[in-house]
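These notes are about the structure you will find just below.
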Amino acid sequence: MSFTQNDHSGLVYYTTDSFCSTGGVIHGFSTRLGGVSQGPLSSLNLGRSRNDEPDLVRENYHRFGDALGANLDRIVMCQQVHSDTVRIVTEADAFNDLYEPTRFEGDGLITNRPGLTLAVFYADCIPVLLYDPVCRVIAAIHSGWRGTSLGIAGKAVMQMSQSFGSRPDTILAAIGPGIGPRCFETHDDVPKAMVQTLGASISPFITPLLDQKYQVDLKGIIAYQLHSIGLLPEHISSSDLCTGCHLDLFWSHRKLGDQRGNQAAMIQLLPIS
0 MSFTQNDHSG
10 LVYYTTDSFC
20 STGGVIHGFS
30 TRLGGVSQGP
40 LSSLNLGRSR
50 NDEPDLVREN
60 YHRFGDALGA
70 NLDRIVMCQQ
80 VHSDTVRIVT
90 EADAFNDLYE
100 PTRFEGDGLI
110 TNRPGLTLAV
120 FYADCIPVLL
130 YDPVCRVIAA
140 IHSGWRGTSL
150 GIAGKAVMQM
160 SQSFGSRPDT
170 ILAAIGPGIG
180 PRCFETHDDV
190 PKAMVQTLGA
200 SISPFITPLL
210 DQKYQVDLKG
220 IIAYQLHSIG
230 LLPEHISSSD
240 LCTGCHLDLF
250 WSHRKLGDQR
260 GNQAAMIQLL
270 PIS
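When you line the sequence shown up against numbering that gives the first Met the number 0, it's residues 0 to 272, in that order.
In structure tokens:
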């Protein structure tokens, strides 16, 4: 399954073909293009904590929502802490104002409520969206290397199954833009931690280098985890876009440090017509 680049009056974002062809959801992975923020945050910064002007961020949300065709008045976000915490959310968790304090920590959101927009943020970490068109359940996941090592994407699938009766073989997954293995170069602490929690089966996704460093394929590990828990290979879409390699499209924390904005991945379940 592939991803498609979309351009809405200069606002560039990505969608996955499997979600679009199945229908029933609105979704998108933003880039840094098409907003009104200035300087290092130019231009579609969707991060509320990036020392941006709130009115500019609000306008960026308005533009992204308009591009997706989504009403972002009922948006749910969490304080991302690189955990494996996944939370089921309802209308009670929706923000009344974009800049109200975040109510809970975690890195995954699940709902079966139409009209709620789930949002996670990324600037190298891997955004993952899940959609069960049979039971009509969606999830948004922020999976950095710590979350990946804790198996957060698989735990979200398990929560969808336990709470809403989803079967893994009916769930569609979109692994969005994020840092690729060529740019994710680490010391041995990261691969050691990942092998310790996930087992030696992920070794093919870790490449030793000559200087006692390693390249880690986070997207490959996430896809492997999802397949291992029962998702069909043809239901797993993975973007080949690396945030570190495409600074014209994305902010990368590894390449830019704190002088950058945040992209967002969003998904909303549509009402049954």
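Yeah, the Cβ is synthetic: ideal placement off N, Cα and C, and Gly gets one too.
This one's a predicted model, so the numbers in the text were calculated from it and none came from an experiment.
Item, Value
"Min CB distance proline 180 to chain C below 8 Å", "Any reference to chain C falls outside this structure, which holds one protein chain only."
"Sheet register partners of valine 24 (DSSP bridge)", "Leu268"
"Straight-line gap, isoleucine 201 to isoleucine 220 (C-alpha atoms, nearest Å)", "7 Å"
"Own chain residues within Cβ distance below 8 Å of leucine 208, not counting five before or after", "Glu184 and Gln214"
"Given valine 119 as reference, the closest of Pro113, Lys154, Gly150 and His81 once Cα atoms are compared", "His81"
"Per-residue DSSP class, three states only, for isoleucine 221", "helix"
"Aspartate 131 - partner residues in DSSP beta bridges", "Val136"
"Sequence-distant residues of the same chain with beta carbon closer than 8 Å to leucine 197, five excluded per side", "Ser148, Gly150, Ile220 and Gln224"
"Beta-carbon proximity check, methionine 265 vs alanine 69, cutoff 8 Å", "yes"
"Arginine 73 versus proline 180 - alpha carbon distance", "35 Å"
"Coil, strand or helix - asparagine 59 by DSSP", "helix"
"Alpha carbon of leucine 45 to alpha carbon of aspartate 168, nearest angstrom", "33 Å"
"At least three beta-carbon pairs within less than 8 Å, the stretch 55–67 to the stretch 1–15", "yes"
"Status (buried if at least 16 other CB within 10 Å, exposed otherwise) for valine 133", "exposed"
"Under the three-state DSSP convention, the category valine 80 falls into", "coil"
"Limits of the alpha helix (DSSP H) - the one that threonine 147 falls within", "144–148"
"Alpha-carbon to alpha-carbon, valine 136 and glutamine 161", "12 Å"
"First through last residue of the alpha helix (DSSP H) which encompasses valine 35", "Neither: valine 35 is in no alpha helix (DSSP H) and is coded neither H nor E."
"Coil, strand or helix - isoleucine 174 by DSSP", "strand"
"Inter-residue Cα distance where the pair is glutamate 90 and lysine 212", "45 Å"
"Distance between beta carbons of leucine 40 and leucine 32, contact taken as under 8 Å", "About 12 Å separates the two Cβ atoms, so there is no contact after all."
"From Gly177, Ala152, Ser238 and Ser165, residue whose alpha carbon lies closest to that of aspartate 83", "Ala152"
"Unbroken stretches of the alpha helix (DSSP H), 4 residues or longer, contained in the stretch 181–228", "188–197 and 217–227"
"Stretch-stretch touch, CB-based, cutoff 8 Å, three pairs: the stretch 108–115 with the stretch 243–254", "no"
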